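So the structure is just underneath, and the comments pick up after that.
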Amino acid sequence: MRTVILDFDIEGFHHFPNAPSVVSFLEHDHRHIFQIRAGLKVDDLNREKEIFIMQDHLKDYLFESYGSPCQFEAMSCEMIAQDLLEFLKEDGGVWVEVFEDSKGGARVDL
105 MRTVILDFDI
115 EGFHHFPNAP
125 SVVSFLEHDH
135 RHIFQIRAGL
145 KVDDLNREKE
155 IFIMQDHLKD
165 YLFESYGSPC
175 QFEAMSCEMI
185 AQDLLEFLKE
195 DGGVWVEVFE
205 DSKGGARVDL
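Here the sequence shown stands for residues 105 to 214, where the numbers follow the numbering used here.
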């Protein structure tokens with residue numbers, strides 16, 4: 105399989121209700137720079153999916169759905185990735201990764 109990979113950062117906030125006591129500070133809204141990566145299936149090797157256009161398409165969805173900066177509320181990285189993958193399915197999306205501050209995150213595949 106061939107994929108085009110999108111990779112960009114957005115500012116956002118979220119919180120973790122009922123966080124374990126050792127990280128109870130996560131129960132409150134906190135800011136991250138979320139790194140979004142997505143793989144889009146392609147068949148044509150010559151710009152079937154233009155990276156800049158697709159990144160703007162995905163950013164538009166994020167800002168329309170969650171505001172700017174994004175307010176993800178109680179969504180985990182896994183939940184955000186799943187939402188973005190559902191949005192990208194019709195454009196050939198096959199996986200999405202969401203990282204917090206480039207330190208760790210989640211990947212969801214079809």
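All C-beta atoms in this analysis are idealised placements derived from N, C-alpha and C, irrespective of residue type, glycine included. Note that this is a predicted model, so its numbers are computed, not measured.
Notebook entry, point to check: For Gln139, which residues from the same chain have a beta carbon less than 6 Å from its beta carbon, with the 5 sequence-adjacent residues on both sides left out?
Noted result: Counting from one through the sequence shown, the residue named residue 139 turns up at place 35. Closer than 6 Å at Cβ, skipping near neighbours: Asp113, Phe203, Ser206.
Item checked: Validate contact between the region 106-125 and the region 153-169 using beta carbons, cut 8 Å, 3 pairs -> Counting Cβ pairs under 8 Å, three or more are found: they touch.
Check: Any idea if Asp187 is buried or exposed, counting beta-carbon neighbours within 10 angstroms, 16 or more meaning buried?
Finding: As a working mapping, residue 187 is identified with position 83 in the sequence shown. It is buried - the Cβ of Asp187 has at least 16 other Cβ atoms within 10 Å.
Margin query: I need the DSSP call for Glu201, collapsed to helix, strand or coil.
Written below: By 1-based counting over the sequence shown, the position of residue 201 is 97. Strand at Glu201.
Checklist line | Endpoints, the alpha helix (DSSP H) within which Ala185 is located | finding: The residue given as residue 185 occupies position 81 in the sequence shown. For Ala185, the uninterrupted alpha helix (DSSP H) segment begins and ends at 181-192.
Note to self: Helix, strand or coil, according to DSSP, for Asp195 in the structure here?
What the structure shows: For this step, residue 195 is matched to residue 91 along the sequence shown. Reduced to three states, the DSSP call for Asp195 is helix.
Notebook entry, point to check: So the alpha helix (DSSP H) Lys163 belongs to, where does it begin and stop?
Noted result: Stepping through the sequence shown from its first residue, residue 163 is reached at position 59. Per DSSP, the continuous alpha helix (DSSP H) segment holding Lys163 begins and ends at 155-170.
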